[in-house]
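Report on the following structure.
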Amino acid sequence: MLLLIACFTTACKKDFLRQNHFNTNPDTTKTDSLAALDSLPSFNNPSGVAIDASGNIYVADYGNNLIRKIAPGGIVTTLAGSGNAGYIDGAGTLASFTQPTGLTVDASGNLFVADAGDNLIREISPAGVVTTIAGSDTTGSGNGIGTASSFFGPLGVAVDAHDNIYVADAGNNLIRLIGQGGQVSTFAGTLNTGTSTNLSPFNNPSGVALDGSGNVFVANYLNSTIMKITPSGVVSTYAGVDTLKGANNGPAALATFYYPNSVAADAAGNIYVSDGVNNLIRKITPDGTVSTLAGSGLAGSADSTGTKASFNYPAGLAVDAAGNVYVADSNNNLIRKITPAGVVSTVAGSGLQGATNGTAVARKNRKLLVKKPMQPRLNVFYRGGTK
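Note that our numbering gives residue 263 to position 232 of the sequence shown, counting from 1, and the numbers run on in steps of one.
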């Protein structure tokens, strides 16, 4: 059975993924060295992925408090983070994060991180320099410029062509906008103020994505729906039945999900959903048809095609220019790839918990070591009560 941990105070914050507490001794020294080439890389509950125009894949390595990078040649390195929980700005491994969850990258190669445990939005330059662009490391919902603003467990981020950043502010049940000059505002949703009923259309929103028309799509986690916000701020249910959990495919209004946690969009307007509890990757076409792109529904790590493949609590998603979908397969500690034809392969990771850098292609000649499946602890942020 799935363990769902809920709490009802504004100061309460629970893990999005079950974090494995052990001494990771993060490998922050190996980059392109021969020692790194002889190592099989590992992750610890990866929760977010992003891909840039050069084909570099970035990973929010949640359990290690690191941001990792997978180069097109398969070399895994640590882009930023010391491995110690914290919110220090600085270059590369001098910086620190606490449970980084969501990632997005802009056209200039700047990476944005939803630093959930610190209630911050961080930026990493192409050179690896980390700065805090919004949030104050205190739980809140304040709008303002940069660090004068506040968030409550931000989980997902997406950036548009004008460098506006959209944030899934889970604990506040809001979608926030970071505009030019770092001005933070509320883009959609209603903040609860002293009521026991959730007045917002969002209930622990955990992922955001943008299509080519500027529409924002939201993984509305606790309601098990996918929401759509137009550029003018009109909110509607795009797919799923409010609070009804399942794995039914078909017309969007009749389809069901089970705690969807992440979304991504491709150039054709297809929306991909990381349907975490169902261990599936779902696809919503522009005409509103929901189907299963990959996954059998059973927890596993099998590379195959379509429903013959398997995942174990898939989390963050990203889509490249060719339409390939990348998945942070959290409980397997793997980064997976799904082609437009539904062929699933493993890009990086040994399957073991760890923070070792190295070459991902080493996996081709080694037996995949998969840890014993664990029960995920779902992240629930509450302000004021439930819907």
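Note that CB positions come from ideal geometry on N, CA and C, so glycine has one too.
Is GLY347 near THR338, with beta carbons less than 8 Å apart? Counting from one through the sequence shown, the residue named residue 347 turns up at place 316. Counting from one through the sequence shown, the residue named residue 338 turns up at place 307. Against a cut-off of 8 Å, the Cβ pair of THR338 and GLY347 comes out as no contact.
Less than 8 Å separating the beta-carbons of THR261 and GLY271? Along the sequence shown, read from residue 1 onward, the residue named residue 261 stands at position 230. Along the sequence shown, read from residue 1 onward, the residue named residue 271 stands at position 240. No, the pair does not count as a contact, with Cβ atoms beyond the cut-off.
Taking the alpha-carbon positions, what's the PRO282 to VAL161 distance? On the sequence shown, residue 282 is found 251 positions in, with the first residue counted as 1. On the sequence shown, residue 161 is found 130 positions in, with the first residue counted as 1. So the alpha carbons of these two residues sit roughly 43 Å apart.
7 Å CB neighbourhood of THR129 in its chain, flanking five on each side removed: Taking the first residue of the sequence shown as 1, we reach residue 129 at position 98. If the five residues before and after THR129 are omitted, its C-beta is found closer than 7 Å to the C-beta atoms of ASN96, ALA116, GLY117, TYR118, ASP146, GLY148 and ASP149, all from its own chain and listed in chain order.
Cα-Cα separation between ALA296 and VAL350, rounded to whole angstroms: Numbered from 1 along the sequence shown, position 265 holds the residue referred to as residue 296. Numbered from 1 along the sequence shown, position 319 holds the residue referred to as residue 350. Roughly 7 Å between the two C-alpha positions.
Would ASP273 be called buried (16 or more neighbouring beta carbons within 10 Å of its own) or exposed? Taking the first residue of the sequence shown as position 1, residue 273 is located at position 242. Within a 10 Å sphere around the beta-carbon of ASP273 sit fewer than 16 other beta-carbons, which makes this residue exposed.
What separation, rounded to the nearest whole angstrom, lies between the Cα atoms of ASN54 and LEU285? For this step, residue 54 is matched to residue 23 along the sequence shown. For this step, residue 285 is matched to residue 254 along the sequence shown. The predicted model places ASN54 with a pLDDT of 34, which falls under 50 and marks its position as unreliable, so this point remains unresolved.
Taking the CB atoms as reference points, tell me whether GLY202 and THR170 lie closer together than 8 Å. As a first step, residue 202 must be located in the sequence shown, where it is residue number 171. As a first step, residue 170 must be located in the sequence shown, where it is residue number 139. For GLY202 and THR170, yes; Cβs fall inside 8 Å.
Buried or exposed for VAL294, please, with buried defined as at least 16 other CB atoms from any protein chain shown within 10 angstroms of its CB. Counting from one through the sequence shown, the residue named residue 294 turns up at place 263. It is buried - the Cβ of VAL294 has at least 16 other Cβ atoms within 10 Å.
Complete alpha helix (DSSP H) runs within the stretch 286-374 (minimum length 4 residues, chain order): Entirely contained in the stretch 286-374, not one alpha helix (DSSP H) run reaches 4 residues.
Please classify PRO317 as buried or exposed, where buried requires at least 16 other C-beta atoms within 10 Å of its C-beta. Numbered from 1 along the sequence shown, position 286 holds the residue referred to as residue 317. PRO317 is exposed by the Cβ-count criterion.
Apply the 10 Å Cβ neighbour rule to ASN279 and answer buried if 16 or more other Cβ atoms are within range, or exposed otherwise. What you label residue 279 is simply residue 248 of the sequence shown in a count that begins at 1. Residue environment analysis places ASN279 among the exposed positions, since fewer than 16 neighbouring C-beta atoms fall within 10 angstroms of its C-beta.
Proximity below 8 Å, CB of ASN355 to CB of LYS368: Here residue 355 refers to the residue found at position 324 of the sequence shown. Here residue 368 refers to the residue found at position 337 of the sequence shown. Yes. Within cutoff.
Cβ neighbour criterion (16 or more within 10 Å) applied to ALA340: On the sequence shown, residue 340 is found 309 positions in, with the first residue counted as 1. With at least 16 other beta carbons inside 10 angstroms of its own, ALA340 counts as buried.
Sequence-distant residues of the same chain with beta carbon closer than 7 Å to GLY264, five excluded per side: Walking along the sequence shown from the start, residue 264 turns up at place 233. So the list reads PHE218 and ALA219, once near-sequence residues are dropped.
When DSSP labels each residue in this structure, what does THR268 get in the three-state scheme? Along the sequence shown, read from residue 1 onward, the residue named residue 268 stands at position 237. DSSP, reduced to helix, strand and coil, places THR268 within a strand of the structure shown.
Residue nearest to GLY133 in terms of C-alpha spacing, selected from ALA199, VAL375, SER376 and ASN301: On the sequence shown, residue 133 is found 102 positions in, with the first residue counted as 1. It is ALA199 whose Cα lies nearest to the Cα of GLY133.
Hey, GLY385 and LEU324 are a contact pair by Cβ (cut 8 Å); roughly how many whole angstroms apart? If you number the sequence shown from 1, residue 385 lands on position 354. If you number the sequence shown from 1, residue 324 lands on position 293. The Cβ separation is near 29 Å, so there is no contact.
8 Å Cβ shell around PRO185 - same chain, five flanking residues per side excluded: For this step, residue 185 is matched to residue 154 along the sequence shown. Result list for PRO185: THR132, GLY133, ALA145, ASP146, ALA147, ASN150, LEU151, ILE152, GLY166, VAL198, ALA199, ASP200, ALA201 and ARG207, in chain order.
Residue(s) in a DSSP beta bridge with LEU142: Locating residue 142 in the sequence shown gives position 111, counting from the first residue. Residue pairing by DSSP puts LEU142 in a beta bridge opposite VAL136 and ILE155.
With DSSP run on the structure shown, which of helix, strand or coil describes ASP111? Working through the sequence shown from its first residue, we reach residue 111 at position 80. The question names Asp, but residue 111 is Ala in the sequence shown. DSSP places ALA111 in the strand class (E or B) of the three-state scheme.
Can you grab the Cα-Cα spacing for the pair SER127 / ASP120, in whole Å? Numbered from 1 along the sequence shown, position 96 holds the residue referred to as residue 127. Numbered from 1 along the sequence shown, position 89 holds the residue referred to as residue 120. Rounded to the nearest angstrom, the two C-alpha atoms are 7 Å apart.
Taking all protein chains shown into account, do 16 or more other C-beta atoms lie within 10 angstroms of the C-beta of ILE312, making it buried, or fewer, making it exposed? If you number the sequence shown from 1, residue 312 lands on position 281. By the neighbour-count rule (16 or more Cβ atoms within 10 Å), ILE312 is buried.
What residues are listed by DSSP as bridge partners for ASP149? Translated into positions along the sequence shown, residue 149 becomes position 118. As DSSP reads the structure, ASP149 sits in no beta bridge.
For TYR89, which of helix, strand or coil comes out of DSSP? Translated into the one-based positions of the sequence shown, residue 89 becomes position 58. It is a strand residue.
Pick from ASN301, TYR290, ALA91 and ALA330 that is closest to ASP242, judged by C-alpha positions: Taking the first residue of the sequence shown as 1, we reach residue 242 at position 211. Measuring C-alpha to C-alpha distances from ASP242 to each of ASN301, TYR290, ALA91 and ALA330 identifies ASN301 as the nearest.
Would you mind giving the Cβ-Cβ distance between GLY79 and ALA91, rounded to the nearest angstrom? I have them listed as a contact below 8 Å. Position 48 of the sequence shown, counted from the first residue, corresponds to residue 79. Position 60 of the sequence shown, counted from the first residue, corresponds to residue 91. GLY79 to ALA91, Cβ: 3 Å. Contact.
Rounded to the nearest angstrom, what separates ILE106 and ASP306 at their Cα positions? Within the sequence shown, numbered from 1, the residue matching residue 106 stands at position 75. Within the sequence shown, numbered from 1, the residue matching residue 306 stands at position 275. About 29 Å.
Count the other CB atoms within 10 Å of the CB of ALA352; is the residue buried (16 or more) or exposed (fewer)? As a working note, residue 352 is residue 321 in the sequence shown. Per the 10 Å Cβ criterion, exposed.
Using only CA atoms, which one of ASP194, LYS314 and THR336 lies nearest to PHE248? The residue you call residue 248 lines up with position 217 of the sequence shown. Residue LYS314 is the option with its Cα nearest to PHE248.
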